[in-house]
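Asker: Here the protein sequences line up with chains A and B, keeping their order. For the first sequence, position 229 (counting from the first letter as 1) is numbered 229 according to the working numbering, and the numbering increases by one without interruption. To convert, count from 1 in the second sequence and add 321; that's the working numbering. Ideal Cβ placement from N, Cα and C applies to all residues, glycine included. Quantities reported herein were computed from a predicted structural model and do not represent experimental measurements.
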Amino acid sequence: MGEQVTGYLLRRLGLALLTLVLLSLIIFLAGQVLPGNPGRAILGPFASQHAVTALDNTLGVNRSLPAQYWTWVSGIVHGDLGMSYQFRAPVSSFLFPALGRSLKLAAVAFVIVVPLSIVGGVVAALNRGRATDRIISVAGLSLSTVPEFVSGVVLIVVFAIGLKVLPVTASAPAGSPVLTQIKYLILPAIPLVLILFGYIARMARAGTIEALDSDYVRTATLKGLPRWVVIRRHVLRNSLLPTITVIATQTGYLIGGLVVVETLFNYPGIGRLIFTAATDKDFPMLEAGVLAIGIVYLLATLVADVLYTLLNPRIRLVRAE
Amino acid sequence: MADDQHRESVAAPPATGAPDGHGPAPHDPLAVGLPPATAGASGAVDVSARRIRRDHFRQLMHSKPFLVGAVLLLWWIVCAIFGKAFSPYNPVNGSLLQFNLAPSGSHWFGTDSLGRDVLSRVIVGSRDILIIAPLATLLGTAVGTAVGLVQGYFGGLVDNVVGRIVDAVLALPVVIVAFLFVVAVGPSTLTLILVIGFVFALLIARTVRTAVLQERELDYIAAARLRNESGAHIMFVEILPNVSGPILVEFTVRLGYAIFAIATLSFLGFGIQPPTPDWGADIASSYQYLAAGYWWETLFPALAIASLVVAVNLIADSIESVLIQ
Chain A
1 MGEQVTGYLL RRLGLALLTL VLLSLIIFLA GQVLPGNPGR AILGPFASQH AVTALDNTLG
61 VNRSLPAQYW TWVSGIVHGD LGMSYQFRAP VSSFLFPALG RSLKLAAVAF VIVVPLSIVG
121 GVVAALNRGR ATDRIISVAG LSLSTVPEFV SGVVLIVVFA IGLKVLPVTA SAPAGSPVLT
181 QIKYLILPAI PLVLILFGYI ARMARAGTIE ALDSDYVRTA TLKGLPRWVV IRRHVLRNSL
241 LPTITVIATQ TGYLIGGLVV VETLFNYPGI GRLIFTAATD KDFPMLEAGV LAIGIVYLLA
301 TLVADVLYTL LNPRIRLVRA E
Chain B
322 MADDQHRESV AAPPATGAPD GHGPAPHDPL AVGLPPATAG ASGAVDVSAR RIRRDHFRQL
382 MHSKPFLVGA VLLLWWIVCA IFGKAFSPYN PVNGSLLQFN LAPSGSHWFG TDSLGRDVLS
442 RVIVGSRDIL IIAPLATLLG TAVGTAVGLV QGYFGGLVDN VVGRIVDAVL ALPVVIVAFL
502 FVVAVGPSTL TLILVIGFVF ALLIARTVRT AVLQERELDY IAAARLRNES GAHIMFVEIL
562 PNVSGPILVE FTVRLGYAIF AIATLSFLGF GIQPPTPDWG ADIASSYQYL AAGYWWETLF
622 PALAIASLVV AVNLIADSIE SVLIQ
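1) Let me make sure I understand the geometry here. Which of A:Pro-90, A:Leu-212 and A:Val-178 has the alpha-carbon closest to that of Leu-286 of chain A?
2) In chain A, which residues lie with their C-beta within 7 Å of the C-beta of Ala-584 of chain B?
3) Between the alpha carbons of Ile-517 of chain B and Gly-465 of chain B, how many angstroms are there, rounded?
4) At the 8 Å Cβ level, is Gly-347 of chain A part of the contact set with chain B, yes or no?
5) Using Cβ-Cβ distances below 7 Å, what residues of the stretch 154 to 167 of chain A are close to chain B?
6) In chain order, what residues of the same chain have a beta carbon less than 7 Å from the beta carbon of Val-217 of chain A, not counting five sequence neighbours either side?
7) I'd like to confirm the pairing. Which residues does DSSP put opposite Met-83 of chain A in its beta bridges?
8) Is it the case that the stretch 619 to 636 of chain B contacts the stretch 379 to 396 of chain B, given that we only count it when at least three CB pairs across the two stretches are under 8 Å?
9) Could you name the residues that DSSP lists as bridge partners for Asp-438 of chain B?
10) Taking the alpha-carbon positions, what's the Val-496 of chain B to Ser-151 of chain A distance?
11) Return no unless some Cβ of chain A is closer than 8 Å to the Cβ of Ala-492 of chain B.
12) Please list, in chain order, the chain B residues whose beta carbon lies closer than 9 Å to that of Val-259 of chain A.
13) Which residues in the same chain have their Cβ closer than 7 Å to the Cβ of Asp-282 of chain A, if we skip the five residues on either side of it in sequence?
14) Mind checking which residues open and close the alpha helix (DSSP H) that includes Asn-238 of chain A?
15) For Arg-130 of chain A, does the three-state DSSP call read helix, strand or coil?
16) Answer with buried or exposed for Arg-88 of chain A, where buried requires no fewer than 16 other C-beta atoms within 10 angstroms of its C-beta.
17) For the alpha helix (DSSP H) holding Gln-419 of chain B, just list the boundary residues, first then last.
18) DSSP three-state label for Phe-46 of chain A, please.
19) Comparing the C-beta of Trp-616 of chain B with each C-beta of chain A, is any distance below 8 Å?
20) Take Gly-162 of chain A as the anchor and find which of B:Tyr-615, B:Leu-534 and B:Gly-446 has the nearest alpha-carbon.
21) DSSP state of Pro-455 of chain B, grouped into three classes?
22) Determine the DSSP secondary structure at Pro-191 of chain A, reduced to helix, strand or coil.
23) Under a three-way DSSP split, which group does Phe-283 of chain A fall into?
24) What are the residues in the stretch 475 to 487 of chain B lying within 8 Å of chain A by C-beta distance?
25) Could you check where the alpha helix (DSSP H) with Ala-557 of chain B kicks off and where it finishes?
26) Identify the continuous alpha helix (DSSP H) that holds Pro-412 of chain B and give its terminal residues.
27) Which of the three DSSP states is assigned to Pro-345 of chain B in this structure?
28) Along the chain, where does the alpha helix (DSSP H) that runs through Arg-614 of chain B open and close?
29) Could you check which residue in B:Leu-422, B:Arg-442 and B:Leu-395 has the C-alpha nearest to that of Ala-408 of chain B?
30) Can the beta-carbon of Gly-431 of chain B be found closer than 8 Å to that of Ala-423 of chain B?
31) By how many angstroms is the C-alpha of Leu-15 of chain A removed from the C-alpha of Asp-25 of chain A?
32) Closer than 7 Å by beta-carbon distance: list the chain A residues that pair up with Asp-638 of chain B, in chain order.
33) Is it a yes or a no for the stretch 60 to 75 of chain A touching the stretch 264 to 271 of chain A, going by three-plus beta-carbon pairs under 8 Å?
34) Buried or exposed: where does His-428 of chain B fall if 16 or more other Cβ atoms within 10 Å of its Cβ makes it buried?
35) Let's see if you can read the secondary structure: which residues bound the alpha helix (DSSP H) around Pro-226 of chain A?
36) Nearest by alpha-carbon distance to Arg-134 of chain A: which of A:Gly-198, A:Leu-20 and A:Thr-249 is it?
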């Protein structure tokens, strides 16, 4: 038993590492296809060809591709993410603070969406086929398909400009207390919440329905347990398991959404960092930012898989065969 | 048509495929999208497939979300094709004296900062996105289906290698992948179609592969192998018709995502380029005036995008629930 778990987890970890290496290759290749050489991009159109070549040599961008890839990857392994072309400073000094701010925004979104969508999904399942169910399902599905910048501008129009209850930007004045900071993050978090609500609620609903239809719930009901006790003890516990996986895989979408939300609300997180790097063709920054997003996603799915395996030994045994 | 009922009862059970070996095996009720030419090989199969298709169609016509979605989508298609003819003003050249006008009788949706009629831009703005999104999705579906068939049918090394690459690319959100490549090649309609088609191909390949893995174990494939049919023939003539249901669902769902992704890229400046009327790009150029109170320049294109994506997704969801019960 224990060996099987360890074996599975090790294999899972190995696959994640392999995926990461492939991902770094893809990012590196895409970065190398970028038009215009870096020296020209930094020095501008009026610099002499001589100066451009000299800078290219300093940056090492006219060496062979495998050599450049090796330098890049071994740098990353040692915590050196390269120099930003735009700011001529280490990428890491921008990347990590930005990542931290994005995590703050993502955390606010998760704190709102997880309980909300689980309750929504369970309520829909308990009212299966009735109007409540249909309203939650159709509204959730519809909202999850509206791009974040669309719901974002509508929210700004209504809450920041119409009702004037929330600020238009996401960044609280420097040195604000935590509560004020959170207040500034609520409006930017809502577009992310709207996207995620539909997916998570859908999974929670499906899980709950499956549990409701199962033999053990029928037994519990026939035993004469009150409905609420049956739901709490037998239904919820089993219906929430698949939801964990969805929450983790949605982290990827969430980060994609951050690019848009952070640009719209002018919030200096990883999304805006990537957006600015792409606009400025600052490609060490762009590559590092995109790689960071990939790593966060791989970590999230890895954690979800591990949790799922540990919480549900049935699945693991089937898979191990 | 009159003897349909008769032949249906005959058509139902045989599980080992049509006798001539070229008809699709009738074990799979997901016969929607079945090309009539293949189905015609055996009369009995043909009738049952047609009946199922008619049933599905009737179910869709009774589904309220589907009808709402279809009407909305139809409206935007009409705008995309004939919009230039019936939009009240020129969407590209405005009157510079009449900028930032609030909605009124002469400008229902107001005018933007360059004096262009917002209603006209919203109507004509449906055009490019409704050309690019379906093309990208079609490309992705075609390539993804082929890759998924090969992956699922051959399995082994091919499957593993492709599977790893798919995993790696899918660790990134579509918008980010598009970012990387659009920055590299420069924004153009063709780049958008290729990039989105490429990412979708990977996603669709995954779905098709799973469906093929289930099909591969069935008797009609073993029979086809015994008849010495080529791999290509088995994949595209035997298996493909039987996995067309999930592929159709995948196409409609991805179409919604394509619109989502293109609108988002246009908003960020990496999609459809101004001055072509486009909802995402229009929102990008007007949202900084929100604080000044010119809400109509942003709100109406935003509602247009919302109505289009919701319409496509209502349709996709209805088709999915009819096909996969």
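Answerer: According to the data block:
1) A:Pro-90
2) Pro-147
3) 12 Å
4) Only positions 1 to 321 of chain A appear in the structure, and residue 347 of chain A is not among them; the question remains open.
5) Val-154, Ile-156, Val-157 and Ile-161
6) Ala-211, Val-230, His-234 and Val-235
7) A:Pro-90
8) yes
9) B:Thr-432
10) 17 Å
11) yes
12) Pro-494, Val-496, Ile-497, Phe-500, Thr-585 and Leu-589
13) Ser-84, Tyr-85 and Gln-86
14) 236 to 239
15) coil
16) exposed
17) Segment: none, Gln-419 of chain B is in no alpha helix (DSSP H) and carries neither H nor E.
18) coil
19) yes
20) B:Tyr-615
21) helix
22) helix
23) helix
24) Arg-485 and Ile-486
25) In the sequence on display, residue 557 of chain B carries Phe and not Ala. Run containing Phe-557 of chain B: none; DSSP gives neither H nor E here.
26) No alpha helix (DSSP H) contains Pro-412 of chain B, which DSSP labels as neither H nor E.
27) Annotation note: pLDDT 40 at Pro-345 of chain B (below 50); position unreliable, coordinate value reported separately. In this structure, Pro-345 of chain B counts as coil in the three-state DSSP scheme.
28) With the sequence shown as reference, residue 614 of chain B is identified as Gly, and Arg is not the correct amino acid for it. Element bounds for Gly-614 of chain B: n/a, residue is neither H nor E.
29) In the sequence on display, residue 408 of chain B carries Ser and not Ala. Nearest C-alpha to Ser-408 of chain B: B:Arg-442.
30) yes
31) First, the amino acid is wrong: residue 25 of chain A is Leu here, not Asp. If I take the Cα positions, the gap works out to 15 Å.
32) Leu-141
33) no
34) buried
35) It is not in any alpha helix (DSSP H) - Pro-226 of chain A carries neither H nor E in the DSSP assignment.
36) A:Gly-198
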